[in-house]
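Structure, as structure tokens:
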Amino acid sequence: MGYDIKDIALADAGLQRIQWAARRMPVLRSLHERFAAERPLEGQTIAACLHITSETANLASLLRAGGARVMLCASNPLSTQDDVAAALAKHLDCEPYCIRGEDRDTYYSHIHALIDADPRITMDDGCDLVSTLHSERREKLQGVIGGTEETTTGVIRLRSMESESALEYPIIAVNAANTKHLFDNRYGTGQSTVDGVLRLTNMLIAGATAVVAGYGWCGRGTATRLRGMGANVIVTEIDPVRALEAAMDGFRVMPMAAAAPLGDLFITLTGNTSVLRREHFEKMKDGAIVANSGHFNVEIDIPALAEMAREKREARPLVQEYQLPSGGHVSVLADGRLVNLSGAEGHPAMVMDMSFANQALSVEHLAREHKNLEKRVYVVPPEIDSRVAELKLASMGITHDALTDAQRRYLASWREGT
Ligand code: ADE
1 MGYDIKDIAL
11 ADAGLQRIQW
21 AARRMPVLRS
31 LHERFAAERP
41 LEGQTIAACL
51 HITSETANLA
61 SLLRAGGARV
71 MLCASNPLST
81 QDDVAAALAK
91 HLDCEPYCIR
101 GEDRDTYYSH
111 IHALIDADPR
121 ITMDDGCDLV
131 STLHSERREK
141 LQGVIGGTEE
151 TTTGVIRLRS
161 MESESALEYP
171 IIAVNAANTK
181 HLFDNRYGTG
191 QSTVDGVLRL
201 TNMLIAGATA
211 VVAGYGWCGR
221 GTATRLRGMG
231 ANVIVTEIDP
241 VRALEAAMDG
251 FRVMPMAAAA
261 PLGDLFITLT
271 GNTSVLRREH
281 FEKMKDGAIV
291 ANSGHFNVEI
301 DIPALAEMAR
311 EKREARPLVQ
321 EYQLPSGGHV
331 SVLADGRLVN
341 LSGAEGHPAM
351 VMDMSFANQA
361 LSVEHLAREH
371 KNLEKRVYVV
381 PPEIDSRVAE
391 LKLASMGITH
401 DALTDAQRRY
411 LASWREGT
């Protein structure tokens with residue numbers, strides 16, 4: 001058993017936080033009972049590169065109850081909750097390697113620490129663990145039976161590995177589950193992104209012009225929450241269908257070059273690079289605030305902003321204010337890293353309950369079925385998706401209709417028409 005964390009003395013505070021989240025994760029709770037009884041993960045070593053939060057700790061505890069050895073490292077250097085990491089080591093019998101604010105070398109040394117332990121199953125949020133295994137640690141690949149991936153950005157990287165036939169074991173794209181992206185990406189990112197902006201800036205959303213770059217599920221959620229709080233929301237998109245959808249959802253749609261002089265707040269959620277760049281910073285209003293809620297810190301071209309700036313200062317914790325040659329100021333939140341996890345606490349437990357139930361059931365599926373799987377990216381089996389929805393509905397006290405026999409027959413028949 002090993003770990004590398006900030007301070008083990010934080011463990012009791014972390015445990016309290018984990019228990020608070022646990023009460024809002026009824027689906028994981030119901031799986032916990034079954035996993036503890038059936039031990040479907042006995043003998044598995046799991047390497048999990050995830051955001052180390054109180055919600056993730058509840059997932060780790062479930063996997064441990066299922067019989068696995070559980071090792072964790074961070075999927076982002078700024079999202080680790082150090083008290084939770086301490087509780088994972090002291091109270092939950094897991095092996096965390098993560099320290100909030102760790103530098104790049106430490107971040108990767110923690111990924112390597114997990115790989116050193118010969119994992120059978122990998123869990124990733126952004127694909128850094130899988131890509132390190134496939135590039136620098138190929139000698140460890142043969143012991144791995146499968147993996148899961150949490151996020152859109154990670155799935156994009158995996159698909160590109162798959163298309164180059166570079167993927168060496170099957171991976172389940174948890175993000176593909178309806179009970180993941182329709183809820184976590186939309187409502188989780190929507191709420192926690194606004195939460196991160198508010199905690200860092202205390203700005204008034206009502207009446208502000210907010211520019212949301214990207215209208216995937218995360219962008220939709222964020223644009224909708226901001227509108228609900230009274231912002232005038234502009235959406236920018238590169239995909240014509242999504243741009244049309246945003247327009248018909250009632251948002252103004254325009255290129256970033258046109259939005260740049262209008263926005264008080266800019267949030268990028270595209271999964272792409274340099275979405276906000278020099279030509280946009282040059283046009284921004286004095287006092288503009290820019291933040292990112294896409295997985296990596298490349299959506300805002302901060303090096304370009306730094307190069308343009310006359311001066312830079314920390315205006316508030318995690319708020320870097322750049323003074324431009326025009327005399328105007330642009331503030332960047334959390335170094336352009338995920339604002340919801342760096343500035344706030346990430347998605348609420350209530351929504352992570354579904355994402356992580358998909359994770360746990362996908363891991364169980366891999367442990368049972370890996371011999372029948374190919375070196376491909378798989379979607380979450382639909383029966384897992386439905387089961388998670390049923391469990392969540394049951395925990396909310398909601399029942400729903402079922403097909404009658406006549407309806408089932410009608411749907412199965414091609415003869416019945418007008
Ligand atoms: N991703 C987004 N929010 C999260 C959370 N609260 N815990 C773990 N991963 C997350």
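Position 412 of the sequence shown, counting from 1, maps to 412 under the working numbering, and the rest follow consecutively.
We put the CB at the ideal spot given by N, CA and C, even for glycine.
Among the options, the one whose alpha carbon lies nearest that of residue i
i, options, result
"G196", "A412, P317, R376", "P317"
"N58", "D249, A360, G147", "A360"
"Q142", "T148, E150, L133", "L133"
"M25", "M354, E383, E369", "M354"
"A86", "D4, I145, F35", "D4"
"V380", "E364, R415, V174", "V174"
"L419", "S131, R137, C49", "In the structure as shown, the chain begins at 1 and stops at 418. Residue 419 is therefore absent and cannot be evaluated."
"A213", "L200, A176, A258", "A258"
"V330", "L265, G219, A406", "L265"
"M203", "N178, A231, L92, R17", "A231"
"D118", "P96, M71, D12", "M71"
"L41", "R368, H400, R376", "R368"
"A74", "I172, H370, G146, K6", "K6"
"Y215", "R23, V84, S30, V253", "V253"
"V235", "V241, W217, M256", "M256"
"M88", "I18, A68, E149", "Correcting the residue identity first, residue 88 is Leu in this sequence and not Met. For L88, the nearest C-alpha among the options comes from I18."
"F356", "T56, D83, A13, G328", "T56"
C-alpha distance - residue i paired with residue j, whole-angstrom precision
i, j, result
"M229", "A206", "6 Å"
"A47", "F281", "40 Å"
"S395", "R387", "12 Å"
"N372", "L366", "9 Å"
"M284", "M308", "13 Å"
"R104", "L411", "55 Å"
"I8", "T268", "36 Å"
"E139", "T45", "17 Å"
"Q323", "A306", "9 Å"
"P224", "H347", "In the sequence under discussion, the amino acid at residue 224 is Thr, which differs from the Pro named in the question. The alpha-carbon atoms of T224 and H347 are separated by roughly 16 Å."
"Q407", "D401", "12 Å"
"A260", "G190", "21 Å"
"E136", "I52", "24 Å"
"L92", "S362", "21 Å"
"G417", "P382", "29 Å"
Buried versus exposed call for residue i [16 or more other C-beta atoms within 10 Å across all chains shown]
i, result
"D286", "exposed"
"S163", "exposed"
"S160", "exposed"
"S342", "buried"
"K392", "buried"
"I99", "buried"
"D128", "buried"
"S79", "buried"
"S166", "Per the sequence shown, the amino acid found at residue 166 is Ala instead of Ser. By the 10 Å Cβ count, A166 comes out exposed."
"I172", "buried"
"I398", "exposed"
"S61", "buried"
Spell out a yes or no on whether the region 151-158 and the region 116-133 are touching, meaning 3 or more CB-CB pairs, one atom from each, closer than 8 Å.
Taking a contact to require three or more Cβ pairs closer than 8 Å, the region 151-158 and the region 116-133 qualify as touching.
The region 282-290 / the region 237-253 touching (three or more Cβ pairs under 8 Å):
Touching, no.
Touch check for the region 180-195 and the region 334-352: three-plus C-beta pairs under 8 Å?
The region 180-195, when compared against the region 334-352, does touch it at the 8 Å Cβ threshold.
Could you check whether the region 298-306 touches the region 333-341, counting it as contact only if at least three pairs of C-beta atoms, one from each stretch, sit closer than 8 Å?
Contact between the region 298-306 and the region 333-341 is present: 3 or more CB-CB pairs across the two stretches fall below 8 Å.
The region 104-111 in contact with the region 33-41 per 3-pair CB rule at 8 Å
Touching, no.
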